[in-house]
Structures are given as C-alpha cells and as structure tokens.
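Numbering (this note's numbering), first residue to last: 55 to 209.
All C-beta atoms in this analysis are idealised placements derived from N, C-alpha and C, irrespective of residue type, glycine included.
In structure tokens:
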C-alpha cells in the first residue's frame, strides 16, 4: 500500500462552528472542521497540507501540495504532491493529482486527472485564468444588458 501522509503539524484550525467567506492562503498545516466559501491556496512546498474533516466543507478550488479530504468539496482540487480521499470524502469538481489514495466509498463527481507535479501547477493556473476571464466577460455582458434596458422606454 501507499505510505500515508504523516499527520501534519496544525498551524491553523478552523472550528466546526466557523464559516469563512473569502480566499485563504496558508503555509504549514490547515485543519478544517467548519466551512470555507472561497479558494484555498497552500504554499507551494512539500510540507503544506490541508485536512478537511468529516464535518468540513469547502465551496471553492483547492490548490495545496498535500490534501486529505474526509468532508465535502464543491470545486476543483489541485494536489501537486499527494491526495488522500477517505470513505466519507465527496468532491464535486475535477481532481488533478500527482499521487492519490482513495478509499472505497469516496465520491468524485468530475474528472480525475493524473499529472506530474509541474503539469498540475500548469493546469491550476490555466483553470484560474479561465475563471477570471469568464467572470470579467460576464460582468461586462450584464453591464451592457443594464445599459440597454435603461435606454429602452418602460412598457
């Protein structure tokens, strides 16, 4: 079998009754029992590790070298070193990994893409730029619709 990720030293703990909105950047170990609405980015080294407990939930993309998921993720996962999915893990998004360990019962509702570390980083940057481009064009389209409706006479 695979060598498990050594339990990381937890530098940051987000408790079960805590909900955060916004992107998070961290270094070292981050343990999540609560909920994050935003992207989670770990320092690009071999040590940064995100652990999502059974009660943990993320609505956003994960870009962390080492990821352990026991809870739910609604977004893409980019694990440049190692990804562990426990039997309670649920990922609604694509998974890009270098090495994976997946327990029976884990769910991935999306594509699973095995890539070398460098390719995971490239794909992460590519997906991030696509999202930025589509959100920018979406806002200008909404602005144009608003401008047109402001010019038209009311019915």
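Going by C-alpha distance, which of the options is nearest residue i?
i, options, result
"residue 95", "63, 147, 183, 131", "131"
"residue 158", "143, 150, 179", "143"
"residue 152", "164, 145, 146, 171", "171"
"residue 179", "113, 98, 102", "98"
"residue 81", "75, 74, 120", "120"
So, is residue i buried or exposed, given that buried needs 16 or more other C-beta atoms within 10 angstroms?
i, result
"residue 192", "At residue 192, the pLDDT of 47 sits below 50, so the modelled position is not reliable; the number obtained from the coordinates is stated separately. Exposed, by the Cβ-count rule."
"residue 83", "buried"
"residue 55", "Caution is warranted here: a pLDDT of 49 is assigned to residue 55, below 50, making its placement in the model unreliable, and no coordinate value can be reported."
"residue 138", "buried"
"residue 66", "exposed"
"residue 64", "exposed"
"residue 125", "buried"
"residue 102", "buried"
Which same chain residues, not among the five before or five after residue i, have their C-beta less than 6 Å away from its C-beta?
i, result
"residue 87", "69, 70, 107, 109, 110"
"residue 149", "131, 162, 166"
"residue 154", "137"
"residue 114", "92, 93, 129"
Which same chain residues, not among the five before or five after residue i, have their C-beta less than 7 Å away from its C-beta?
i, result
"residue 116", "94, 104, 127, 129, 131, 132"
"residue 72", "88"
"residue 76", "92"
"residue 100", "119, 135"
With DSSP as the reference, please indicate the residues paired to residue i in a beta bridge.
i, result
"residue 146", "128"
"residue 133", "151"
"residue 106", "86, 123"
"residue 168", "151"
In its own chain, which residues sit with a C-beta less than 8 Å from the C-beta of residue i, not counting the 5 before and 5 after it?
i, result
"residue 78", "84, 90, 92, 93, 94, 95"
"residue 141", "157, 158, 159, 160"
"residue 174", "132, 133, 134, 150, 151, 152"
"residue 74", "68, 88, 89, 90, 91, 92"
"residue 168", "151, 152, 154"
"residue 195", "For residue 195, the pLDDT reaches just 48, beneath the cut-off of 50, and the residue's location in the model is therefore unreliable, although a value from the coordinates is still provided. Cβ neighbours of residue 195 beyond the five flanking positions: none."
"residue 164", "130, 145, 146, 147, 148, 149"
So residue i packs on residue j, CB below 8 Å; how close in whole Å?
i, j, result
"residue 145", "residue 123", "7 Å"
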